[in-house]
Each structure stands twice: as structure tokens, then as C-alpha cells.
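Residue numbers (this note's numbering): 197 to 397.
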Amino acid sequence: MNGSTVLVTGGAGFVGSAVARRLSAPDVGARVIALDNLHRRGSELNVPLLADAGVEFVRGDVRNRDELAVGGRPIDLIVECAAEPSVLAGYDGGSRYVLDANLGGLMNCLELARERRARMIFLSTSRVYPVEQVNALAVHETATRFVLEDKQGVPGASAHGIAEDFPLSGVRTLYGATKLAGELLLAEYAAYGVEYVINRC
Ligand SMILES: NC(=O)c1ccc[n+]([C@@H]2O[C@H](COP(=O)([O-])OP(=O)(O)OC[C@H]3O[C@@H](n4cnc5c(N)ncnc54)[C@H](O)[C@@H]3O)[C@@H](O)[C@H]2O)c1
């Protein structure tokens, strides 16, 4: 990463600010730009910590292509952490923000990656897995937790957790749907040469 320029979207958030600060540390040596619109209450508290770590903060919105362009600078890697990450988002009467920020914002990031020939790391989520399928898994109860049984009636589930071949059909929340749709978009952008990693953290 030494000398590479990394754009961390949602860079003042919980994950984004930690990633930005880590990549900016001397042993990694990336030039890091953290872009965030400070939509998340409290994210502004991370801005001074970013400055202390040598991260450049840009107040900007992934929905706005001009702001996302960060002045036309070269970018080697985009770490896409900007999102409305609540499973309840959109159920209070307005789904526009979660769709525009999570899916429209990702689309803008993908276009930027294509233009600047940048790689991408996309913060997806375990919420891509449908709620009913997860709730139907066999578990047993221990003193402090439910533990998944090793034998399950569906692929991709065992005592080790849920893997990528777990079924994806069913409803999952608007948030999860934006992330799953985002994963599909990323795969399509491989046709433009965009290299990517998806993390269903
Ligand atoms: N924290 C977790 O446990 C977890 C688990 C699974 C997935 N994720 C994913 O990781 C990513 C980061 O999550 P987090 O926990 O850091 O959430 P967070 O809310 O702390 O961070 C998201 C950041 O994005 C910013 N943001 C929102 N809309 C924006 C926009 N339109 N333009 C620019 N910035 C915008 C917010 O201000 C915030 O700082 C998200 O994509 C989330 O879905 C997080």
C-alpha cells in the first residue's frame, strides 16, 4: 500500500474511520482520503482523530458524483464504507435515502473506479441472507448463546456459521437488499476491469 492513494467512503463512520486510520499508519503508508457527508450522528467526532492520523478528510456525499470525484486526483483503491446501515432504514415511510446512498452511492463509486482504474473493497453485510432462512436454522441453547447445529437442512450452514453458498431467496430488509444488489453490480463491473473484494462482515 506504500504510496498508494486510497479513498475511504463513509470514512468518518465506525468502520471507515478505523480502516482509514490503519491504512494511513506509517507501516502501511497509504495516502488516505476519507469522504463522508456526516449523515451518521456522532461521525463528526471521528474527524479530529482522522486528522491526527494524517488522513485527509473531505466532507462529501457518495450520491453526488462531483463531490465523490475528490478534485480528479488519482485513486488506486476505493474502500466503500458509506451507507445507511440500519436494518430498520426505510420503514418509517421513506426508502429513498437508504436506496440512494447504498445503491446509488455504490454505483457512483463503481463509475469512479472504472474511470480512475481503481480497485474496490465493498463493505457488504451478513444481512444479505434472508431472515426466514436464517430463523429456520437448527440451534441449541447454551448458557450464554444459541449455537448452530453442525447438520442443517440447507447448504452453507454448519456449526462454523453461514457461508457464501447459503440460500439467498427470500426477503431480507431494504438495507440487506441494497447490499445484495450492490454485490451483483460489482460483479458486472468486472467486465470493465474493476477488481474487487466483497466483505459480508
Ligand atoms: N458495523 C458493523 O457491524 C457492520 C456489519 C456489517 C456491515 N457493515 C457495513 O460496513 C459499512 C460501514 O458501517 P459502519 O458500522 O461503519 O456504519 P456507520 O454508520 O458508522 O458509517 C457509515 C458512514 O457513512 C456515512 N454516510 C452515510 N451516507 C452517506 C453518503 N450519502 N455519502 C457519504 N457518506 C455517507 C455516515 O455519515 C457514516 O459516517 C456499511 O456499509 C455497513 O453496511 C457494518
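Just so you know, even glycine gets a beta-carbon here, dropped at the ideal spot from N, CA and C.
Note that the structure is a prediction, hence the values are computed from the model and not measured.
Residue i, DSSP secondary structure in three states
i, result
"residue 353", "strand"
"residue 391", "coil"
"residue 210", "helix"
"residue 374", "helix"
"residue 296", "helix"
"residue 259", "coil"
"residue 203", "strand"
"residue 231", "strand"
"residue 197", "coil"
"residue 364", "coil"
"residue 284", "coil"
"residue 327", "helix"
"residue 396", "coil"
"residue 237", "coil"
"residue 333", "coil"
"residue 252", "strand"
"residue 379", "helix"
Through-space distance from residue j to residue i, alpha-carbon basis
i, j, result
"residue 201", "residue 295", "28 Å"
"residue 373", "residue 324", "6 Å"
"residue 225", "residue 247", "15 Å"
"residue 268", "residue 360", "36 Å"
"residue 305", "residue 258", "7 Å"
"residue 263", "residue 256", "5 Å"
"residue 348", "residue 367", "20 Å"
"residue 303", "residue 378", "8 Å"
"residue 280", "residue 234", "11 Å"
"residue 289", "residue 283", "14 Å"
"residue 380", "residue 356", "25 Å"
"residue 342", "residue 334", "10 Å"
"residue 330", "residue 291", "24 Å"
Check: residue i C-beta below 7 Å from any heavy atom of ligand 1
i, result
"residue 338", "no"
"residue 304", "no"
"residue 311", "no"
"residue 232", "yes"
"residue 285", "no"
"residue 258", "yes"
"residue 289", "no"
"residue 280", "yes"
"residue 308", "no"
"residue 380", "no"
Neighbour-count burial assignment, residue i, 16 or more Cβ in a 10 Å radius
i, result
"residue 385", "buried"
"residue 298", "buried"
"residue 321", "buried"
"residue 223", "exposed"
"residue 230", "buried"
Does the count of Cβ pairs from the region 269-279 and the region 307-316 closer than 8 Å reach three? Yes, the region 269-279 touches the region 307-316.
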